[in-house]
Amino acid sequence: MKNILYALLFLAVADVLNTAGAEVLQPKEDMTAEQLMSLWYDIEYTRFARDYKNYNTFILIDRNGSHRERKAFRSRITVQRNGFDYKDFAVFLSPASIKGVAMLTWVYRDPQKEREQWFYLPSMKKARRSSPAEDDDNTMGTVLTVEEMSSWRPEHERYQLLGVRNYSGYVSFMDGKKYEEGRICFLVEAFPKRQRALHAKRRYWLRKDDGCCILVEVFDHSDKLFKTIFRQFDKLGEKRYPAVVYLEAQDLRTSEKTVIRGDKIMFDSGIDESQFTIEYLQRSQW
813 MKNILYALLF LAVADVLNTA GAEVLQPKED MTAEQLMSLW YDIEYTRFAR DYKNYNTFIL
873 IDRNGSHRER KAFRSRITVQ RNGFDYKDFA VFLSPASIKG VAMLTWVYRD PQKEREQWFY
933 LPSMKKARRS SPAEDDDNTM GTVLTVEEMS SWRPEHERYQ LLGVRNYSGY VSFMDGKKYE
993 EGRICFLVEA FPKRQRALHA KRRYWLRKDD GCCILVEVFD HSDKLFKTIF RQFDKLGEKR
1053 YPAVVYLEAQ DLRTSEKTVI RGDKIMFDSG IDESQFTIEY LQRSQW
């Protein structure tokens, strides 16, 4: 019964957002952990905007410290009709060896309906469907999983609000500077509902003033921290929407690291939904 009520709550929130371009909701003192995570979901997947574009740079760092750089493009459209929540597209633009490698994701409004996802490899000239069983696999050469990159949603986890904490700050592995020191945050602990998930729990540090998640800590089944995901935000466009402009993720087991930098981010540019089909994925010329 609790899961059914939570699903109905999610759909009610989606109805509020049906007129995409709505005001970004702000956290409140009396919000539950589930409500706070719902706000973060809206921010992470830009569900307050009609659409989103991001030309970005990936920096992949191996355990020896060697760097590889990749240019990519990502777009998203908030649908909110015909059962769809949003559709998401990502493609590598360079180097030439991976140019055109792409991923298309459809996420549905009903949280009980599994997402659909396809990967496209130019060498095969055919899209391959990705199973939800692959959600724990790292994707696009990063230390981020398929779920962390494109398909996480609040209904995947059970939550406990640990309280309001002062964040001690994050030290960047790129420039050595400390960020967000002293920031007041809601600290939420999350446990996966999915059986056989490779992680045992996550901790989300959500800024108290705007709900943006500055840090995710991922723990294994021995309660050992094995991954961190740090994000920086800016408010962009005429409506000053919050956007992730920089991300650092590191796997503490392998010492591999990923940086994603937003180089050019645009909201509400008028993307057509036809750009989020399997046919478009397979015929795209990048």
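Count along the sequence shown from 1, then add 812; that gives the number in this note's numbering.
Positions of the beta carbon are idealized from the N, C-alpha and C atoms, including for glycine.
Assigned with DSSP and collapsed to three states, P1004 falls in strand. Look at W852 here: in three-state DSSP terms it is helix. Relative to the Cα of E1001, the nearest Cα in the group D1021, Y971, D1022, M986 belongs to Y971. With 16 or more other Cβ atoms from the protein chains shown falling within 10 Å of its own Cβ, T890 counts as buried. Burial check for M936: the Cβ neighbour count within 10 Å stays below 16, so the residue is exposed.
If the five residues before and after E928 are omitted, its C-beta is found closer than 6 Å to the C-beta atoms of W918, all from its own chain and listed in chain order.
I1041: member of the beta strand (DSSP E) spanning 1037–1048, first to last residue. Where L1010 is concerned, there is no enclosing beta strand (DSSP E), because DSSP gives it neither an H nor an E.
About 7 Å separates the beta carbons of K865 and I1083, which is inside the 8 Å limit, making them a contact pair. Following the DSSP letters along the chain, one finds I1077 inside the beta strand (DSSP E) bounded by residues 1068–1079. K1069 counts as buried, since no fewer than 16 other beta carbons sit within 10 angstroms of its beta carbon. Under the 8 Å Cβ criterion, the region 992–1001 does not count as touching the region 853–871, having fewer than three qualifying pairs.
Each of P907, K938, L1064, P923 was checked against the Cα of L916, and the nearest Cα belongs to K938. Ranked by how close their Cα comes to the Cα of I1077, the residues L851, Y1058, R1065 have Y1058 in first place.
Where Q972 is concerned, there is no enclosing alpha helix (DSSP H), although the beta strand (DSSP E) around it starts and stops at 969–978. Residue pairing by DSSP places A902 opposite R886, M915 in a beta bridge. Within 10 angstroms of the beta-carbon of M961 lie 16 or more other beta-carbons, which makes it buried.
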